[in-house]
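Residue numbers (our numbering), protein chains in the order written: chain E, 56 to 206; chain D, 56 to 206. All C-beta atoms, glycine included, are put in the ideal place defined by N, C-alpha and C. Predicted model only: the values in this text are computed from it and were never measured. The structure appears right after this line, and notes come after that.
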DNA sequence: CTTTATTCGTTGCATATGCAATGAAGTCAA
DNA sequence: TTGACTTCATTGCATATGCAACGAATAAAG
């Protein structure tokens, strides 16, 4: 009797990285559809904008590290945002290799619409999850900490 | 005094979809590095393999739905996996539009290595998170359910 | 000071991706 | 049976992406 060497019964649907990916993808895209339609902004561009709005004068390097994005991706997003008039690039006079990304006035106005949109989406998530939100957050918190510093 | 219209203080680092994305990306890539180096398999290809290993005779459509992947992505992954000799494509005789994807013997052997790798990575995650794993799972569970069926 | 290494941001290039269009197969109803 | 729709998988094409290479600026050695 030929042993078909039965494979382990591994179900993708119970694989944590996969579950995280699905949750991330669906939630991100749900919000992205909103601002993409209204403002023609991609997800990477949105992330750069949000970071710059939060931390004044960010460099590409800062964003790469903080926002977990390839620097070339950051660079291209910043370039496009500048060409549309939302961002201004200037040189850091202290270290002239670094860029200082900042919101233009038009960028400020954009973020005045975008940020409340994001905040209400976040509120919606918390409301939908109810008590489970805190649990999700606890789990995510320790997971992210481990990923940051694998002790 | 010109009102700079201070923007809402929104921190990307506390935005749930973003946190999920980072967790998903880092955990997925950590495992992917392992099997990419050893077997030259991409993440989409890995997902297709895992699904086919779990559910015999999957069609592209099945995978698209179950694995949350664009059908063109599934199609290309399947095509490459077939060309490498891990997968076999045959026609579903009941409905000849459908494909029947199945593992070749070589594919079985591959999965006999890949699945334990994935399982031990999952075990590692659960071990690392300890008690927080159950919390993460509870949160993820209700979130995924909501995303599936937004009541 | 030069010379040698690093760091930062951009870009070239090959690959990956999403979306729309296509062709083949199947369903349904007249 | 024929003809209008629908479903499935593949593919063409435009865009997005990752990675390596580059030029400019700085830091570190000698």
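| Asked | Found |
| --- | --- |
| Nearest-angstrom Cβ-Cβ length linking residue 72 (chain D) and residue 83 (chain E), presumed shorter than 8 Å | 5 Å |
| Bridge partner(s) assigned by DSSP for residue 113 (chain D) | D:156 |
| Bridge partners - residue 146 (chain E), DSSP secondary structure assignment | E:154 |
| When D:92, D:111, D:79 and D:146 are compared against residue 177 (chain D), the one with the closest alpha-carbon | D:79 |
| Closest by C-alpha distance to residue 199 (chain E), when choosing among D:65, D:81 and D:169 | D:81 |
| Outcome for residue 152 (chain E) when other beta-carbon atoms lying within 10 angstroms are tallied against a minimum of 16 | exposed |
| Interface positions of the region 171-185 of chain E facing chain D (Cβ-Cβ less than 7 Å), listed along the chain | 171, 173, 174, 177, 180, 183 and 184 |
| Residue 198 (chain E) in three-state terms, based on DSSP | helix |
| Environment of residue 190 (chain E) [buried if 16+ CB atoms lie within 10 Å] | buried |
| Under the three-state DSSP convention, the category residue 162 (chain E) falls into | helix |
| Other residues of its chain near residue 172 (chain D): CB distance less than 8 Å, five sequence neighbours each side excluded | 86, 89 and 90 |
| Residue range of the alpha helix (DSSP H) that includes residue 139 (chain D) | 126-139 |
| Short-range partners of chain D found in the region 94-117 of chain E, where Cβ spacing is below 8 Å | 102, 105, 106, 108 and 109 |
| Closer than 9 Å to chain E by CB, residue 193 (chain D) | yes |
| Buried or exposed (CB count within 10 angstroms, at least 16 for buried), residue 116 (chain E) | exposed |
| Opening and closing residue of the alpha helix (DSSP H) in which residue 77 (chain D) lies | 71-94 |
| Straight-line Cα distance separating residue 168 (chain D) from residue 96 (chain E) | 42 Å |
| Beta-carbon neighbours of residue 159 (chain E), restricted to chain D and to distances below 8 Å | In chain order: nothing, as chain D lies at least about 13 Å away. |
| Within chain D, partners of residue 81 (chain E) - CB distance below 7 Å | 202 |
| Closer than 9 Å to chain D by CB, residue 74 (chain E) | yes |
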